[in-house]
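**Student:** Next up is a structure, given as structure tokens.
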Amino acid sequence: MTTTATTGKTRQRKGDLIFSGATRIAGLTILLALAGVAIFLTLEGLPALEAGPEKLQGADSIVAYIGPLLFGTLLASAIALLIATPLAVGVALVISHYAPRRVSKSLGYAIDLLAAVPSVVYGLWGIGFLGPQLVPVYEWLEQNVGWLPFFAGPASSTGKTILTAGIVLAIMALPIITAISREIFAQTPTLHQEAALALGATRWEMVRLAVFPYARSGIVSAVMLGLGRALGETMAVAMVLSASGIVTFNLISSDNPSTIAANIALMFPEATGLGVNALIATGLVLFVVTFAVNFTARAIVARTEKGNR
Amino acid sequence: MTEVRPPKITPRAPEDRPGRAAGTDEDLRRHIPLTHARLPRWAPALVAVLAGAASGLLALSLGWGLVAWAVVGIVLFAVALPAWSRVVENSRAAKDRLVTVLVWAAFGLALVPLVSLVWQVVSQGLPAINAEFLTYSMRNVVGEGGGIYHAIMGTLLITLMAAVISVPVGLLTAIYLVEYGQRSTMARTITFLVDVMTGIPSIVAGLFAYALFVLFFGEGVRMGLGGAVALSLLMIPVVVRSCEEMFKLVPHELREAAYALGVPKWRTIVKIVLPTAMAGIITGVTLAVARVIGETAPLLIIAGFTDSLNFNLFAERMTTLPVFIYYSYTQPGVPPEYGIERAWGAALVLIVIVMALNLLARVLGKVFAPKSGR
């Protein structure tokens, strides 16, 4: 009796040990993969420190090579966020507070569809449809507000400008900002909202006084996650942008700064030797930047969640 | 989500109230209205019609397009309605109406690209679709003809391989997080890093796969397996998140009932927790596949591009649909119109696949959902 009991117990323990060990290994694999990304990119990127101008498209050193690319990446993302943030907050408000409840779910689904469209299709749409449509707008901007450095021109005749790329990126960043903002808006305590309304606030005043203060950090982290998406987006920019690797704030000309991701996609298939290492080094920089942005955003979300619990 | 709306104010004349001795108080109250004037319910509709008509007149007389008509109409509406409200109601109500117009306009604006994109892809892609397009590869094709069979097969094989790698890892990790790790430091670190991982740029995943495979196969390596590894790096976090959410939904009573019967923990998980959560897991995995099937950048780097059919994941270049779209459009060959037409056709096929997967995920979730109410 006792012996069967003990053997049963040990058998159980063995099965449990194997199973829990397997799950633990799977978890470790993820940590290893993440560490692997950093390690392998560093390993393959380091040799680029010795790369000469012929492998760096004319730049003197790897730092001079990455600088303009990083500038282009940040510029395109900044344009994208300037456009996407107000829109996304508006859309999230419609879904969480303004739309009739019966339709708000399908409205949310429609916005989620924007996220489901593959990036290469956005690129195709941007270059094949949006760009040509924007040419008259750019010409108008050049003629009427050309005194602003952003619209100095000469206006691109193909629409392949960094502003077009920024607009496409804004469309791609919009769903993620909307998704997180609307979750947070919907979590606003009902009592706060009803209290505001009971004091005679209009709906907008209720949103401003009860919803926004509650959701502020959530919106910040949502925008940062959108930034992460815009920073790393490759194909749409690679297809839409006509890049020449210069540093300029001129948004509508056909000479544009390139972005890190787009530059890798364009150069990698033809790159050899140290050129590959240089591209991997730029990829490492991109990884570090997006990791930092996402890390901060998630840390804010985590802190907020803890505070609300 | 509870809905909160402003209460409807029903006007109530002071005369309705049961009579009270008239006094100074009552006189005073008569002069302070308890309600303020409000625009009639049909006011926004009326203003919308007027704004549309006015803008239409302008558009007709000046020869504007549809876009200008819509923009001017919305601007007119956004000015006129708050102005009227300001006259009749008050400035606060006017502001409220203005914001309502603005948020709906933002929503409409967000839908414009979606509608335009779907319309463009369908109208430009549909002429390219025929039997040859779906069953031929591009081998030895110059100019007209050829198809995307090799790209469809490449996409299916690489995505399938990515799923084969990510589903076990993701599923087991989720089990660890929910059933074993609970609040341990390692579990919390993994949860946090998985969230951060969802934001890894796809091109970085491609570079990682390349940097890894270069160590084994030497410089210039291109193979389908590398693409699968890169995709699984993007897919694992999605799988972990959705499985984790599903396991958390499984009622504790089920686990406790199994323990009470003397079932070992691992058998409880395999026989009780997994089947209960199966619907959600299938939905989550399908959505994860839908997410990575459209990825381009990593496959461009590690899987490469070829005109021929390749069924072997472990050697040689392998074309996938997104990469095919990219090359067909940017390097369409001579004459260019055939390559561009193929790009739109392939884009249509890709969008249909992605949308079908999204739809399938929802249907599967409904079909496999546990019958008992949650």
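Chains as they are written, first to last, in this note's numbering: chain P, 1 to 309; chain F, 1001 to 1374.
The C-beta atom is built at its ideal place from N, Cα and C for all residues, glycine as well.
If you run the structure through DSSP and keep just helix, strand and coil, what is residue 243 of chain P?
**Tutor:** Three-state DSSP puts residue 243 of chain P in a strand.
**Student:** In the DSSP output, what is residue 144 of chain P paired with across the bridge?
**Tutor:** For residue 144 of chain P, which the question treats as bridged, DSSP gives no partner whatsoever.
**Student:** What do you reckon, are the CB atoms on residue 81 of chain P and residue 227 of chain P nearer than 8 Å?
**Tutor:** Yes, they are a contact pair.
**Student:** How many angstroms separate the CA atom of residue 1022 of chain F from the CA atom of residue 1037 of chain F?
**Tutor:** For residue 1022 of chain F, the pLDDT reaches just 49, beneath the cut-off of 50, and the residue's location in the model is therefore unreliable, although a value from the coordinates is still provided. Taking the straight line joining both Cα atoms gives about 26 Å.
**Student:** Going by DSSP in three states, residue 1090 of chain F sits in which element: helix, strand or coil?
**Tutor:** In the structure shown, residue 1090 of chain F sits in coil (DSSP, three-state: anything other than H, G, I, E or B).
**Student:** Give the straight-line distance between the Cα atoms of residue 1170 of chain F and residue 1245 of chain F, rounded to the nearest whole angstrom.
**Tutor:** Straight-line Cα distance between these residues: approximately 12 Å.
**Student:** Ignoring anything shorter than 4 residues, give me the alpha helix (DSSP H) runs that lie fully in the stretch 1152 to 1239 of chain F, in order along the chain.
**Tutor:** If we require 4 residues or more, the alpha helix (DSSP H) runs fully inside the stretch 1152 to 1239 of chain F come out as 1185 to 1197, 1202 to 1217.
**Student:** Does the beta-carbon of residue 1035 of chain F have 16 or more other beta-carbons within 10 angstroms, so that it is buried, or is it exposed?
**Tutor:** Its Cβ having fewer than 16 others within 10 Å, residue 1035 of chain F is exposed.
**Student:** Roughly how many whole angstroms lie between the Cα atoms of residue 102 of chain P and residue 109 of chain P?
**Tutor:** Taking the straight line joining both Cα atoms gives about 13 Å.
**Student:** From F:1052, F:1250, F:1082, F:1189, pick the residue whose C-alpha is nearest to that of residue 1068 of chain F; which is it?
**Tutor:** That would be F:1052, whose Cα lies nearest to the Cα of residue 1068 of chain F.
**Student:** Please return the same chain residues whose Cβ sits closer than 8 Å to the Cβ of residue 1313 of chain F, not counting the five positions on each side in sequence.
**Tutor:** Around residue 1313 of chain F: 1157, 1158, 1161, 1223, 1224, 1225, 1228.
**Student:** Whose CA, out of P:303, P:298, P:261, lies closest to the CA of residue 286 of chain P?
**Tutor:** The shortest C-alpha separation from residue 286 of chain P is found at P:261.
**Student:** In chain P, which residues lie less than 9 Å from residue 1081 of chain F when you measure between Cβ atoms?
**Tutor:** Within 9 Å Cβ-Cβ: nothing; residue 1081 of chain F doesn't reach chain P, min ~14 Å.
**Student:** Is residue 1173 of chain F close to chain P? Criterion is C-beta to C-beta, closer than 8 Å.
**Tutor:** Closer than 8 Å: yes.
**Student:** Would you say residue 1283 of chain F lies against chain P (beta-carbon separation less than 8 Å)?
**Tutor:** Not closer than 8 Å to any Cβ of chain P, the Cβ of residue 1283 of chain F fails to qualify, so no.
**Student:** Runs of 4 residues minimum, wholly inside the stretch 1236 to 1261 of chain F: which ones carry the alpha helix (DSSP H) assignment?
**Tutor:** Correct list: 1252 to 1260.
**Student:** Check this for me: beta carbons of residue 1283 of chain F and residue 1326 of chain F, under 8 Å apart or not?
**Tutor:** Not in contact: residue 1283 of chain F and residue 1326 of chain F (Cβ atoms no closer than 8 Å).
**Student:** Which residues, taken in chain order from the stretch 1175 to 1191 of chain F, show a beta carbon closer than 8 Å to some beta carbon of chain P?
**Tutor:** Answer set for the stretch 1175 to 1191 of chain F: 1175, 1176, 1177, 1179, 1180, 1181, 1186, 1187, 1189, 1190.
**Student:** For residue 274 of chain P, count neighbouring C-beta atoms within 10 Å of its own C-beta (all shown protein chains included) and say buried if the count is 16 or more, exposed if not.
**Tutor:** Residue 274 of chain P should be labelled buried.
**Student:** Start and end of the alpha helix (DSSP H) containing residue 112 of chain P?
**Tutor:** Taken as a continuous stretch (DSSP letters only), the alpha helix (DSSP H) holding residue 112 of chain P covers 101 to 116.
**Student:** Check this for me: beta carbons of residue 129 of chain P and residue 1116 of chain F, under 8 Å apart or not?
**Tutor:** Contact flag set, yes.
**Student:** Can you tell me whether residue 256 of chain P is helix, strand or coil according to DSSP?
**Tutor:** Correct three-state label for residue 256 of chain P: strand.
**Student:** I need the straight-line Cα distance from residue 1098 of chain F to residue 1256 of chain F, nearest angstrom please.
**Tutor:** Going from the Cα of residue 1098 of chain F to the Cα of residue 1256 of chain F covers about 55 Å.
**Student:** What three-state label does DSSP hand residue 52 of chain P in the structure shown?
**Tutor:** Residue 52 of chain P falls in the coil class under three-state DSSP.
**Student:** Less than 6 Å between C-beta atoms, sequence neighbours within five positions excluded: which residues of the same chain meet that for residue 1318 of chain F?
**Tutor:** Excluding residues within five positions, the ones whose Cβ falls inside 6 Å are 1154, 1224, 1303, 1310.
**Student:** Mind the definition here: the stretch 1197 to 1205 of chain F touches the stretch 288 to 297 of chain P only if three or more C-beta pairs lie below 8 Å; say whether that holds.
**Tutor:** The stretch 1197 to 1205 of chain F is in contact with the stretch 288 to 297 of chain P.
**Student:** Sort P:302, P:238, P:297 by Cα distance to residue 69 of chain P and report the nearest one.
**Tutor:** It is P:238 whose Cα lies nearest to the Cα of residue 69 of chain P.
**Student:** Identify, in the order they occur along the chain, each residue of the same chain with its Cβ nearer than 7 Å to the Cβ of residue 51 of chain P, setting aside the five sequence neighbours on each side.
**Tutor:** Cβ within range, chain order: 62, 274, 277, 278.
**Student:** Counting C-beta neighbours from all protein chains within 10 Å, is the total for residue 270 of chain P 16 or more, i.e. buried, or is it exposed?
**Tutor:** Classification of residue 270 of chain P: exposed, given that the 10 Å Cβ count is below 16.
**Student:** Please compile the residues from chain P whose C-beta is within a distance smaller than 7 Å of the C-beta of residue 1347 of chain F.
**Tutor:** In chain order: 121, 124.
**Student:** Residue 45 of chain P: buried (16+ other C-beta within 10 angstroms of its C-beta) or exposed?
**Tutor:** Per the 10 Å Cβ criterion, buried.
**Student:** Got a sec: which bits of the stretch 167 to 201 of chain P sit with their beta carbon under 7 Å from any beta carbon on chain F, in order along the chain?
**Tutor:** Those residues of the stretch 167 to 201 of chain P that come within reach of chain F (Cβ to Cβ, closer than 7 Å) are 171, 174, 186, 190, 193, 194, 197.
**Student:** Excluding the 5 residues preceding and the 5 following residue 1133 of chain F in the sequence, name in chain order all residues of the same chain whose CB lies nearer than 7 Å to its CB.
**Tutor:** Cβ within range, chain order: 1147, 1148, 1345.
**Student:** Determine whether the Cβ of residue 1358 of chain F lies closer than 8 Å to any Cβ atom of chain P.
**Tutor:** Interface residue, yes.
**Student:** Quick one: list the residues of chain P neighbouring residue 1318 of chain F, beta-carbon separation under 9 Å, in chain order.
**Tutor:** Near residue 1318 of chain F there are no residues of chain P at all, since even the closest Cβ is about 14 Å away, more than 9 Å.
**Student:** Would you call the stretch 119 to 134 of chain P and the stretch 230 to 245 of chain P in contact, with 3 or more CB pairs under 8 Å?
**Tutor:** Enough Cβ pairs lie closer than 8 Å, so yes.
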